[in-house]
Amino acid sequence: PASAAGSPEKALAEAAAAGTASKLPAPAQSPDLKLPTAAATEGSGGGRGAAAEKVMPGKGAGPQDLDAVETASVASSARSALSRSMGTTSSVTSDFIQERIPARQREATKIQTEMKAFVREMVRGRQLGVIAPDGSLRNCTCSLDKRMKYFVIELKGSVRRIALSELTEVYQGKEPEDIETPLDELCSTLMLESSECISFHFDDVGSRERFAMCLQILVDGQQ
7 PASAAGSPEK ALAEAAAAGT ASKLPAPAQS PDLKLPTAAA TEGSGGGRGA
57 AAEKVMPGKG AGPQDLDAVE TASVASSARS ALSRSMGTTS SVTSDFIQER
107 IPARQREATK IQTEMKAFVR EMVRGRQLGV IAPDGSLRNC TCSLDKRMKY
157 FVIELKGSVR RIALSELTEV YQGKEPEDIE TPLDELCSTL MLESSECISF
207 HFDDVGSRER FAMCLQILVD GQQ
């Protein structure tokens with residue numbers, strides 16, 4: 007009869023079955039399943055670390071990294087110095103060019119500037135002193151129409167419009183000498199085609215010259 011623990015033949019059979027099961031091969035992995043390898047993972051992290059070291063070299067940076075930082079610093083300083091010097095260079099260049107512009111051209115530019123100021127002032131109207139034949143001085147308002155065709159004189163409520171095409175000459179100083187009106191160096195006289203003369207008095211020679219020159223240019227433009 008068999009014992010409670012089982013027969014020796016049954017124990018041997020179970021031990022043999024267990025040994026055979028331990029020798030069975032492990033199930034193979036599916037070829038479609040791809041797991042990240044350690045090398046790939048380290049490569050991804052290593053790439054970000056290398057980029058960070060190039061941007062902000064820290065402790066343990068190599069000599070080449072330090073040289074690169076110093077080179078960038080020197081280049082930045084050079085650009086800053088160049089920017090600061092641009093203002094001075096621009097000023098020197100402007101003076102250099104101005105010196106080499108022909109005097110004739112500079113004079114033309116000056117005249118254009120004065121003409122613009124003269125026209126603006128005369129279109130608005132300007133207070134002048136008109137000289138009577140007896141030498142008395144009367145205040146009047148002189149102006150130009152917007153089309154710059156007429157020279158307008160307003161005196162004591164009366165208005166006289168003189169076409170610029172009727173003016174033949176704008177004199178300065180004591181000219182013309184053959185009129186009765188007493189003149190001095192601060193006078194400018196308009197002569198009409200009818201030989202009538204109208205003289206104005208100015209505060210200084212500069213004002214007289216600008217008035218006569220600019221008005222003469224407008225008169226010449228009507229011819």
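When the letters of the sequence shown are read in order and numbered with this note's numbering, they come out as residues 7 to 229. All C-beta atoms, glycine included, are put in the ideal place defined by N, C-alpha and C. Since this is a predicted model, take the numbers as computed values, not measurements.
By a beta-carbon distance limit of 8 angstroms, serine 205 contacts isoleucine 137. Their separation comes to about 4 angstroms. Taking C-beta atoms under 8 angstroms as the contact rule, alanine 218 and glutamine 178 qualify, at a distance of about 5 angstroms. Assigned with DSSP and collapsed to three states, alanine 138 falls in coil, not helix or strand. DSSP places arginine 167 in the uninterrupted beta strand (DSSP E) bounded by 164-169.
Between the alpha carbons of lysine 152 and arginine 144 lies a gap of roughly 25 angstroms.
The three-state reading of DSSP puts glutamate 113 in helix, counting H, G and I together. Annotation for serine 213: the continuous alpha helix (DSSP H) segment containing it runs 211-228.
C-alpha of histidine 207 to C-alpha of lysine 180: approximately 11 angstroms in a straight line.
Between leucine 198 and isoleucine 159, the gap from beta carbon to beta carbon reaches 8 angstroms or more. With a threshold of 16 other beta carbon atoms within 10 Å, arginine 214 meets it and is buried. Per DSSP, the continuous beta strand (DSSP E) segment holding serine 205 begins and ends at 203-207. Residue environment analysis places leucine 196 among the buried positions, since at least 16 neighbouring C-beta atoms fall within 10 angstroms of its C-beta.
Annotated three-state conformation of threonine 119 is helix, per DSSP. DSSP, reduced to helix, strand and coil, places methionine 154 outside both helices and strands of the structure shown, so it counts as coil. The Cβ atoms of valine 125 and leucine 173 lie no closer than 8 angstroms to each other. Assigned with DSSP and collapsed to three states, glutamate 191 falls in coil, not helix or strand. In the assembly as shown, valine 165 is an exposed residue. Its beta-carbon has fewer than 16 other beta-carbons within 10 Å.
A distance below 8 angstroms separates the beta carbons of leucine 134 and cysteine 148. Collapsing the DSSP output to three states places glutamate 181 in coil. The beta-bridge partner set that DSSP reports for glutamate 175 consists of Met197. Residue pairing by DSSP puts glutamate 160 in a beta bridge opposite Thr147, Val165. Across the set Leu150, Cys203, Tyr156, the C-alpha of Cys203 shows the shortest separation from the C-alpha of proline 139.
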